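Numbering (this note's numbering), first residue to last: 438 to 652.
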Amino acid sequence: MAPTKKDAKEEKEAKLTPEQSAAMMLDYLRKQNRPYSATDISTNLKNRVTKTAAAKLLKDMHERKDIEGRAAGKQIVYHAIQEEPDDASLEMLKTMDEQTTRLRDEINELKNEEKELRVALREGSTQIPLPELKAAVAVLERNQNEMEARFQILQKGDLKPISIEEREKVNAEHRKWQRTANARMKIRNEMWKEIVSNIEKGQVEETKEELGLDF
């Protein structure tokens, strides 16, 4: 005899073991990332775990330090344990905070400049031609939109933290090119010293200008 829909449903919703119930609730708390009471969890899981079982299992999980729990009025609410951020993440958060502050300041400055330009535009300023003012306002608006877009990304925290390996790779590359630049600067100084020793003092600046040197 073929199984009926009722039999299939009953098989699908077979009674969970305590271990399965605990795992289901722990997974739910981690995904939701917010505190819930045993009653709320049981209801949200469509009573796959009864309120009584949920209360007991959550208490056991709290005592084993699998989850965190705290009193909220007459009931206890539970939430998943948050991982402590590592040094790299903390450094990235600090950098993001600094960038957020800088971008916020730049946005405010751009808004003030835009306001001043609009006032000058309305007053028909004779110092700056109207087309130039409109072009300047357009540039400021575009810059402001770009800054606000970057600011929104920082606020959402969607930026992926730079790994220690990536940071070390960039630092190593920087040190490599810094050594190359220092070596070239030393060679340049020695060559210039040799040139200066073989020309008249009055020709030093003229020679520097002819060679396109700006140091």
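Don't be surprised by glycine CBs; every beta carbon is placed ideally from N, CA and C. What you are looking at is a predicted structure, and each value in this text was computed from that prediction instead of being measured.
Helix, strand or coil at Ser474 [DSSP, three-state] = Locating residue 474 in the sequence shown gives position 37, where the first residue counts as 1. Strand at Ser474.
In three-state DSSP terms, what is Gln519?
-> Within the sequence shown, the letter at position 82 stands for residue 519. Coil, per DSSP.
Could you tell me which residues DSSP puts in a beta bridge with Ile504?
-> Residue numbering aside, residue 504 sits at position 67 when the sequence shown is read from its first letter. In the DSSP output, where bridge partners are listed per residue, Ile504 has Ala517.
Would you please state the rounded distance, in angstroms, between the beta carbons of Val486 and Leu453? I believe it to be under 8 Å.
-> If you number the sequence shown from 1, residue 486 lands on position 49. If you number the sequence shown from 1, residue 453 lands on position 16. With 8 Å as the limit, Val486 and Leu453 qualify as a contact, their Cβ atoms being about 7 Å apart.
8 Å Cβ cutoff met for Ile518 and Glu505 = Along the sequence shown, one-based indexing puts residue 518 at 81. Along the sequence shown, one-based indexing puts residue 505 at 68. When the beta-carbon positions are compared, Ile518 and Glu505 come within less than 8 Å of each other.
Are at least three pairs of beta-carbons, each pair with one atom in the segment 461 to 477 and one in the segment 489 to 501, less than 8 Å apart?
-> Result yes; three or more Cβ-Cβ pairs closer than 8 Å.
Inspect the beta-carbon positions of Glu578 and Glu551 and report whether they are closer than 8 Å.
-> Within the sequence shown, the letter at position 141 stands for residue 578. Within the sequence shown, the letter at position 114 stands for residue 551. Yes, the pair counts as a contact, with Cβ atoms nearer than the cut-off.
Considering Arg621, what are the terminal residues of the alpha helix (DSSP H) in which it resides?
-> As a working mapping, residue 621 is identified with position 184 in the sequence shown. Where Arg621 is concerned, the enclosing alpha helix (DSSP H) stretches over 601 to 633.
Okay, do the segment 528 to 539 and the segment 476 to 491 touch, 3+ Cβ pairs below 8 Å being the bar?
-> Between the segment 528 to 539 and the segment 476 to 491 there are fewer than three inter-stretch CB-CB distances shorter than 8 Å, so the stretches are not counted as touching.
Contacts around Ser562, its chain only, beta-carbon distance under 8 Å, and the 5 residues preceding and following it disregarded | The count along the sequence shown starts at 1 and reaches residue 562 at position 125. Note on Ser562: pLDDT 48, under 50, position unreliable in the model; no value is reported.
Helix, strand or coil: how does DSSP classify Ala509 here?
-> As a position in the sequence shown, residue 509 is number 72, starting the count at 1. Here Ala509 sits in strand by DSSP.
Contact under 8 Å by Cβ, Pro472 with His516 | The residue you call residue 472 lines up with position 35 of the sequence shown. The residue you call residue 516 lines up with position 79 of the sequence shown. At a Cβ-Cβ threshold of 8 Å, Pro472 and His516 count as neighbours.
Residue closest to Glu553, alpha-carbon to alpha-carbon, out of Lys468, Asp542, Ala573 = Numbered from 1 along the sequence shown, position 116 holds the residue referred to as residue 553. Of Lys468, Asp542, Ala573, the residue nearest in Cα terms is Ala573.
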